[in-house]
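In our numbering, the protein residues as written are 96 to 332.
Take a look at the structure below.
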């Protein structure tokens, strides 16, 4: 995939971005504590993620940081040192590739209903000891691990469960037999919209053209959570 347009930041143009939510959605701007509160309108970082999904730019943080080294040199060379190409990390650690290529000048927010729901998180931890969080949250386990769990020391108050220490020791010894991630439930705020978001953008012309071409074949992507599907339309009028 040719991504040289990322370094251009050439001619700008204006357009309206129309986002029609098709399902409940949640837009979190940072990693919170026990309660995930949503924003009412999408942030610039979330639009970056939306655009990257449309264009198929699915890269790990490590690859993004490696790419930024080359992009910085190319971008600042084209700008003759007039503009710095800086990383724009979000509060959750997301590093967008398109942050410098557009700005939001106006946002119209539809009427929304706020609801709370349980959300399953996936994490990876290697600590165990007396607090085997990962082992307790692994829904699917190797059959050999299940058999071993039945043989280790039981909790005196809850005989159907192993002690935390015994389970932690088993997790440490058999970590390769556990799933890569564990799940835990958190309360997350969702929105249900009656209508569409309308955002006025000042955007790089090359980026806009690529988005329009990609949306011909697929104009359904997610906003925020990966089940928050939205219909995307671009209006140049």
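C-beta atoms are modelled at their ideal positions from N, C-alpha and C, and glycine is treated no differently.
Nonlocal neighbours in the same chain, by C-beta distance under 7 Å from residue i, ignoring five residues either side
i	result
residue 289	205, 206
residue 276	217, 218, 219
residue 227	259, 262, 263, 266
residue 278	215, 216, 217, 232, 234
residue 240	269, 272, 273
residue 163	182
residue 117	324, 325, 326
Bridge-paired residues (DSSP) for residue i
i	result
residue 115	326
residue 287	208
residue 316	325
residue 143	Bridge partners of residue 143: none, in fact.
Cβ-Cβ distance between residue i and residue j below 8 Å
i	j	result
residue 325	residue 141	no
residue 286	residue 127	no
residue 185	residue 281	no
residue 159	residue 192	yes
residue 139	residue 295	no
residue 170	residue 183	no
residue 190	residue 156	yes
residue 305	residue 145	no
residue 209	residue 284	yes
residue 113	residue 330	yes
Sequence-distant residues of its chain with Cβ nearer than 6 Å to residue i (five each side left out)
i	result
residue 134	122, 124
residue 202	136, 294
residue 319	120, 121, 122
Alpha-carbon to alpha-carbon, residue j and residue i
i	j	result
residue 44	residue 188	Any question about residue 44 goes unanswered here, given that the chain covers just 96 to 332.
residue 315	residue 322	11 Å
residue 247	residue 257	6 Å
residue 199	residue 297	6 Å
residue 244	residue 252	17 Å
residue 225	residue 242	21 Å
residue 308	residue 328	12 Å
residue 179	residue 196	13 Å
residue 249	residue 238	19 Å
residue 213	residue 152	29 Å
residue 97	residue 332	29 Å
residue 313	residue 131	29 Å
residue 100	residue 236	45 Å
Rounded distance between the beta-carbons of residue j and residue i, thought under 8 Å
i	j	result
residue 137	residue 292	7 Å
residue 300	residue 106	5 Å
residue 303	residue 102	Residue 303 to residue 102, Cβ: 16 Å. No contact.
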